[in-house]
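Chains A and B are the protein sequences, given in the same order.
Using this note's numbering, you'd call the opening residue of the first sequence number 1 and step up by one each time.
Using this note's numbering, you'd call the opening residue of the second sequence number 1 and step up by one each time.
Beta carbons are placed, not taken as given, at the ideal position from N, Cα and C, and that holds for glycine.
Quick caveat: nothing in here was measured; it's all calculated off a predicted structure.
What follows is a single structure, written as structure tokens, with notes after it.
2 protein chains.
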Amino acid sequence: MDTIPKQTLMRLPNYYNFIKGLQNSGIRNISSPAIAKELNLNEVQVRKDLAAVSQIGGKPKMGFDIGELLNSLEHCLGYDNVNDAVLVGAGQLGRALLTYKGFETYGMRIIAAFDTDEGIIGTEISGKRVFPADSLFDLCPRLKVHIGIITVQDSCAQGVCDKLVKSGILAVWNFAPVHLTVPDHILVRNENMAVSLAVLSKHLKEKMISGDVPEGEV
Amino acid sequence: MDTIPKQTLMRLPNYYNFIKGLQNSGIRNISSPAIAKELNLNEVQVRKDLAAVSQIGGKPKMGFDIGELLNSLEHCLGYDNVNDAVLVGAGQLGRALLTYKGFETYGMRIIAAFDTDEGIIGTEISGKRVFPADSLFDLCPRLKVHIGIITVQDSCAQGVCDKLVKSGILAVWNFAPVHLTVPDHILVRNENMAVSLAVLSKHLKEKMISGDVPEGEV
DNA sequence: TAGATTGTTAATCGATTAACAATC
DNA sequence: TAGATTGTTAATCGATTAACAATC
Numbered sequence: 001m002d003t004i005p006k007q008t009l010m011r012l013p014n015y016y017n018f019i020k021g022l023q024n025s026g027i028r029n030i031s032s033p034a035i036a037k038e039l040n041l042n043e044v045q046v047r048k049d050l051a052a053v054s055q056i057g058g059k060p061k062m063g064f065d066i067g068e069l070l071n072s073l074e075h076c077l078g079y080d081n082v083n084d085a086v087l088v089g090a091g092q093l094g095r096a097l098l099t100y101k102g103f104e105t106y107g108m109r110i111i112a113a114f115d116t117d118e119g120i121i122g123t124e125i126s127g128k129r130v131f132p133a134d135s136l137f138d139l140c141p142r143l144k145v146h147i148g149i150i151t152v153q154d155s156c157a158q159g160v161c162d163k164l165v166k167s168g169i170l171a172v173w174n175f176a177p178v179h180l181t182v183p184d185h186i187l188v189r190n191e192n193m194a195v196s197l198a199v200l201s202k203h204l205k206e207k208m209i210s211g212d213v214p215e216g217e218v
Numbered sequence: 001m002d003t004i005p006k007q008t009l010m011r012l013p014n015y016y017n018f019i020k021g022l023q024n025s026g027i028r029n030i031s032s033p034a035i036a037k038e039l040n041l042n043e044v045q046v047r048k049d050l051a052a053v054s055q056i057g058g059k060p061k062m063g064f065d066i067g068e069l070l071n072s073l074e075h076c077l078g079y080d081n082v083n084d085a086v087l088v089g090a091g092q093l094g095r096a097l098l099t100y101k102g103f104e105t106y107g108m109r110i111i112a113a114f115d116t117d118e119g120i121i122g123t124e125i126s127g128k129r130v131f132p133a134d135s136l137f138d139l140c141p142r143l144k145v146h147i148g149i150i151t152v153q154d155s156c157a158q159g160v161c162d163k164l165v166k167s168g169i170l171a172v173w174n175f176a177p178v179h180l181t182v183p184d185h186i187l188v189r190n191e192n193m194a195v196s197l198a199v200l201s202k203h204l205k206e207k208m209i210s211g212d213v214p215e216g217e218v
């Protein structure tokens with residue numbers, strides 16, 4: 001298990017969710033062909049992916065032990081090391097992220113929120129305190145946080161980003177659909193909801209054009 | 001401009017956001033080396049991407065006309081054809097998506113929401129009506145919608161998905177971190193917020209290990 | 001003209017898939 | 001044993017990068 005290929009890493013959550021579901025139905029073993037079929041993947045690809053991840057591997061005729069597989073996947077996905085992040089912009093989307101339960105599963109945690117709105121500063125959202133935006137400089141180093149989430153309006157995003165960088169943030173998860181200029185050593189991941197949906201729609205359109213659609217549903 | 005490579009398609013929004021920013025600062029032309037530098041990409045890659053997208057191409061010594069480039073990018077991203085989607089689950093996250101302004105930019109539109117909570121059925125969120133979940137079967141075909149967004153709790157996701165499929169939905173954008181079983185002809189895109197954050201964190205960690213971090217910030 | 005920048009052809013790289021021997 | 005399933009080596013595919021001639 002050296003470094004896992006990026007593409008493999010991206011598929012891991014799908015395996016995890018599928019296999020977790022099996023576990024809940026009381027199933028103990030699963031073969032890669034079975035996984036491949038259900039997830040619409042090539043079965044060699046699944047075997048390679050699992051080989052890269054699983055500690056003890058599978059057994060011919062038996063397949064993989066589901067418990068072990070889940071452990072291995074959790075390990076690879078960083079389940080067992082907690083990573084803290086702060087969020088700036090406690091608007092509709094920011095609030096949704098603060099409330100979102102799923103992060104814990106992957107060892108991630110949003111520990112605090114920042115905003116400029118006097119009305120919500122000092123309140124708690126889903127157990128996380130909202131601080132004034134100015135206190136970033138002070139709090140980030142103290143909390144030793146290195147990941148910042150930007151859910152402010154487009155026009156404020158660059159300014160917030162600059163502040164985060166000054167506060168010692170090394171990775172930025174940006175939900176504002178604008179280009180952020182950052183020093184070379186800062187990691188930026190742009191999350192663009194609209195694009196995700198647009199890409200899905202484009203895929204669908206291509207599929208429809210290629211005629212791969214059931215009778216008359218277009 | 002035949003079919004645009006998938007990887008290129010994924011980079012398009014980044015070009016778009018960056019170039020849009022330049023336009024707002026009144027700049028008229030941009031060269032691919034300049035884009036490459038700012039976006040940390042290979043300059044040949046940028047040239048190839050733009051070649052695949054731009055209608056009229058660039059001019060040696062001048063670079064690309066920003067207006068034309070934006071038009072071409074908008075065209076490729078489907079800006080100019082509207083695509084409708086319905087959303088099921090008007091909770092925190094669902095509400096954030098309904099409120100999100102960015103979709104219009106890419107020609108996407110959420111036209112209605114569905115929920116089981118009597119308290120919010122009949123209300124409007126950001127101008128979109130919330131209907132009872134049961135009316136899916138009736139409304140989807142009538143609205144000719146083919147994209148469904150799932151923002152319900154994990155435990156309901158599969159049930160909702162089945163309903164959507166029965167209602168004629170062909171593509172599903174799933175925010176619940178569970179595996180959805182669907183007929184072969186249905187497109188599923190899993191959006192897992194937690195994984196995105198976890199992957200970012202993993203990248204950061206790798207970068208930190210490889211020593212690519214400024215003095216003492218670890 | 002000289003130099004920057006374009007578009008394209010060829011080389012490289014990484015990921016996917018096919019083929020197959022090993023094993024429970 | 002026979003057959004399913006594993007892990008791995010080799011072939012293919014697609015995307016990235018390097019090299020270069022064309023052009024404003």
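| Query | Result |
| --- | --- |
| Can you tell me the Cα-Cα spacing of Q92(A) and V88(B), whole angstroms? | 17 Å |
| Please work out which residues of its chain come closer than 8 Å, Cβ to Cβ, to E38(A), disregarding the five sequence neighbours upstream and downstream, and give them in chain order. | F18 |
| Going straight from the alpha carbon of L204(A) to that of L187(B), what length do you get? | 7 Å |
| Name the chain B residues that come within less than 8 Å of A171(A), Cβ to Cβ? | L200, S201, H203, L204 |
| Sort I35(A), N40(A), K61(A) by Cα distance to L50(A) and report the nearest one. | I35(A) |
| Please report how far the alpha carbon of T3(A) lies from the alpha carbon of S126(B), in whole angstroms. | 45 Å |
| Quick check on the burial criterion: 16 or more other C-beta atoms within 10 angstroms. Buried or exposed for R28(A)? | exposed |
| Which residue spans inside the region 159 to 215 of chain B form an unbroken alpha helix (DSSP H) run of at least 4? | 193 to 209 |
| Given a threshold of 16 other Cβ atoms within 10 Å of its Cβ, counted over all protein chains shown, does Q158(A) qualify as buried or as exposed? | buried |
| Closest to V86(B) by C-alpha separation, out of N14(B), V165(B), H185(B), L180(B), would be which residue? | V165(B) |
| Is the Cβ of G159(A) closer than 8 Å to any Cβ of chain B? | no |
| Can you give the Cα-Cα distance for E182(B) and C161(B), rounded to whole angstroms? | For clarity, residue 182(B) is Val in the given sequence; the question names Glu instead. The straight-line gap from Cα to Cα measures roughly 8 Å. |
| Touching or not, the region 4 to 18 of chain B and the region 57 to 64 of chain B, by the rule of three or more beta carbon pairs under 8 Å? | no |
| Quick one, are the C-beta atoms of I111(B) and L98(B) less than 8 Å apart? | no |
| So which residues on chain B does P177(A) lean against when the C-beta distance must stay under 8 Å? | P13, N17, G102, T105 |
| Under 8 Å, Cβ to Cβ, is there at least one residue of chain A near S196(B)? | yes |
| Check the Cβ-Cβ distances between R95(A) and every residue of chain B, and say whether any is below 8 Å. | yes |
| I need the DSSP call for G26(A), collapsed to helix, strand or coil. | coil |
| Looking at chain B, which residues of the region 106 to 120 of chain A have a Cβ within less than 8 Å of any of its Cβ atoms? | Y106, G107, M108 |
| At 9 Å on the CB atoms, spell out the chain A contacts of T99(B), in chain order. | G91, Q92, L93 |
| Nearest by alpha-carbon distance to T8(B): which of L77(B), H146(B), T123(B) is it? | L77(B) |
| Mapping the DSSP letters down to three states, classify M10(B) as helix, strand or coil. | helix |
| Beta-carbon of G26(A) versus every beta-carbon of chain B: anything under 8 Å? | no |
| Going by the CB atoms, is the gap between F103(B) and A194(A) shorter than 8 Å? | yes |
| Contact defined as beta carbons within less than 8 Å: I believe L73(B) pairs with V53(B). What is the distance between those atoms, to the nearest angstrom? | 6 Å |
| Flag this pair as yes or no: are the beta carbons of R47(B) and S32(B) separated by less than 8 Å? | yes |
| Quick check on the DSSP output: the beta strand (DSSP E) that includes A112(B) runs from which residue to which? | 108 to 115 |
| Where do the N-terminal and C-terminal ends of the alpha helix (DSSP H) with G67(A) fall, by residue? | 66 to 76 |
| Relative to chain B, which residues along the region 182 to 195 of chain A have a C-beta separation below 7 Å, given in chain order? | H185, L187, R189, N190, E191, N192, M193, A194, V195 |
| Check whether chain B comes within 8 Å of L77(A), counting only Cβ atoms and requiring the distance to be less than that. | yes |
| Pull up the distance between the alpha-carbon of Q153(A) and that of A176(A), whole angstroms please. | 7 Å |
| Which residues, in order along the region 55 to 73 of chain A, keep a beta-carbon less than 8 Å from a beta-carbon of chain B? | none |
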